[in-house]
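Residues -19 to -1, 1 to 575 (mature numbering (1 follows the signal peptide of the UniProt record, and there is no 0)) are what the sequence shown spells out, left to right.
Even glycine gets a Cβ: it sits at the ideal position worked out from N, Cα and C.
Working notes, structure below.
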Amino acid sequence: MKFINSIKLLALFAGGEIAQCAISNGNIGIGHQASIQDSQFGLTNSLNPVLKAPNAYSHIAPIEVYGIAYQPDFNHYHHAGKAEDKKGYIDPLAYSEICSRDIEYLKELNVNVIRVYAIDPQANHDYCMNLLAKNNIYLIADLSEPKASVDRKEPTWDGDLYDRYKNVVDALEKYNNVLGFFAGNEVVNDRTTTSAAPFVRASIRDVKKHIVKKKYRNIPIGYSTNDDSQIRDFLSNYFICGDDNTSKADFYGINNYEWCGHSTFRTSGYSERVADFKNFPIPVFFSEFGCNTVRPRPFTEVDALFSPLMSDAFSGGIMYMYFEEQNQFGVVEIVDSKNLSSPVKKLEDFKFLQYEYGKVNIKGVHREDYKPSATGNVSCKEQTENWKASTVLPNTPDQFKCDCLLSALSCTKAPIATITLEERKDLYGKICSANESETLPCAKISGNGTTGKYGIFSGCRQSQRLSFALNEYFMRNNQGMTYCDFENKAIIVNSRNSIEDLKAINEPNSSIRRTCFDAIGEEYISAIYGEFKANEKTDETESISPSTETAIMRSGATRITVARSKKISDGIINSIATIMVVAFAVLAFTSIFK
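Encoded structure:
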């Protein structure tokens, strides 16, 4: 019997009944008991992925990941006139012609996991996910996409990204063969980008909370890193340290290309990686491997990866990649790049990977043979010259607060305006000091992953933060009309909410009574409306019911406005009175000159 000394990726097979489980940093969560004949969307329930030590079960089969990266090159297909031209990526699981063509090749390669880097959450994935499940293939999906991810140079965790990540989870959670999600891929890739780490960890926290709130099965969330020697130890520590279990990674992927050609366990550096992760408290696997300095690639690292030399520390790996691109990492080549259902031809690398994966022999593990890894909290490493990530994380993006903010601004981004990255940088340069202090305007929409200080509006959507900056520029220049234009990319809002409105608008579907006034904060309201007395009472300031609130979409965000029946009635009465006075005056004037 194979002896395993690490937490493994596991699928539970218990006769006709399958226990559906998941892990969150050592705490097992048992889902529903599903009959093997019971299937949702045609999925076979024999695929119930779980990340947990098998100490509660007598007979199990561990999932060692022998996978492949599976994402078509956008440049191969963008001439086909598809909607992907705007998205900038191809979701292979959204097209039956792609996955049905490739399923036989994936079976030949003996893979049990595919990794897809960009998922279209609006697409239907039933056909492809069902096809994968029938062939015992799991999916690990990245939550990001090329145009929506944590930017390592200018990191944010905002409403736009949060929605993107939630939408991917919502689109895939129903499929039992979803093994997990990556919340980031090489976001922190060297010593100069470590301040981005808190933003990734905040995304893990918030996606986990979303999963709990929606009552989904406990799907693990992990992180995929490059293998930079200067920050390797700091980065792996960062995603498991501290006492905030919600924000910790559930598994850890390493994109490792150390083993090239016919290397060895010692000369490749694999032995050092085993030493690094032998007692790691969460599952670790190679989220990418497959050095291509020698082609065809012999993939001799596969034999080492699944041998006793490494199985105590690693749970397999994902070979990069299925499709041949300009970087020459593929095992198949698309014949006609303008045809989604084009045939593919096998490359020389294909047979070598097929052979090596075909030799993988995963034996069962009995409960009495299992020795779990170290448990308990791990201390976070201190900041150094090479590691500057704060353990203080950005807050969860607050949509209500940000919508309230937008409704209070006098100058905002024009609804249909397109502002380029360079234009946005130019604008921020005019508004923000080069030596930004906490008291200057842009501190409110900025976050600093080194100091752990995040502005009150730093989690707002990009368009909302931009409107904030436009409004600050407008106010700084005494609200001059020409200072809210930017070549028709900004507009003056004449119907912004009053302070009275902000005090009356309550957050919908909230257990706590919070108004827009509370969400924005008195200090900033004072800045944009002028000084006022905090206890000053305005006429008719009673809260209004949600039925009398009207949401108007503007600039891609909800602009909150308020209608009050009493004010409308008063306005109508005043208007009628005015009309009557004018009418009597006209009659009197006419009678004088008759």
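By the C-beta criterion, the region 356 to 374 is judged not to be in contact with the region 462 to 474, since fewer than 3 inter-stretch pairs fall below 8 angstroms. Here residue 150 is near residue 192, since their CB atoms are less than 8 angstroms apart. If you check the CB distance, residue 238 and residue 272 come in under 8 angstroms. Of the candidates 304, 305, 385 and 116, 385 places its Cα closest to the Cα of residue 482.
Closest by C-alpha distance to residue 396, out of 470, 47 and 488, is 470.
Of the candidates 437, 391 and 436, the residue whose Cα lies closest to the Cα of residue 458 is 391. Taking the CA atoms as reference points, residue 491 sits about 10 angstroms from residue 381. DSSP lists 326 as the bridge partner or partners of residue 314. A residue is called buried once 16 or more other Cβ atoms fall within 10 Å of its Cβ, and residue 321 is buried on that count. Going by C-alpha positions, residue 439 is about 6 angstroms away from residue 425. Residue 300: member of the beta strand (DSSP E) spanning 297 to 300, first to last residue. Between residue 284 and residue 340, the alpha-carbon positions lie close to 8 angstroms from each other. One Cα belongs to residue 54, the other to residue 450, and the distance between them is close to 37 angstroms.
Straight through space, the alpha carbons of residue 102 and residue 180 are spaced by roughly 22 angstroms. Boundaries of the alpha helix (DSSP H) around residue 143: 140 to 153. Non-local beta-carbon contacts of residue 428 in its own chain, meaning distances under 6 angstroms to residues more than five positions away in sequence, involve 375, 435 and 439 in chain order. For residue 75, no alpha helix (DSSP H) run applies, since DSSP gives it neither H nor E. Nearest in C-alpha terms to residue 252, of all of 289, 217 and 224, is 289. Residue 480 carries a helical assignment under DSSP once its states are collapsed to helix, strand and coil. Going by DSSP, residue 488 is part of no alpha helix (DSSP H) at all; its letter is neither H nor E. Three or more beta-carbon pairs drawn from the region 72 to 84 and the region 108 to 121 are found closer than 8 angstroms, and the two stretches are therefore classed as touching. Between the C-alpha atoms of residue 480 and residue 506 there is a straight-line separation of about 8 angstroms. Note that the C-beta distance between residue 303 and residue 312 is below 8 angstroms. Residue environment: residue 468 is assigned as exposed (fewer than 16 neighbouring CB atoms within 10 Å of its CB, all protein chains considered).
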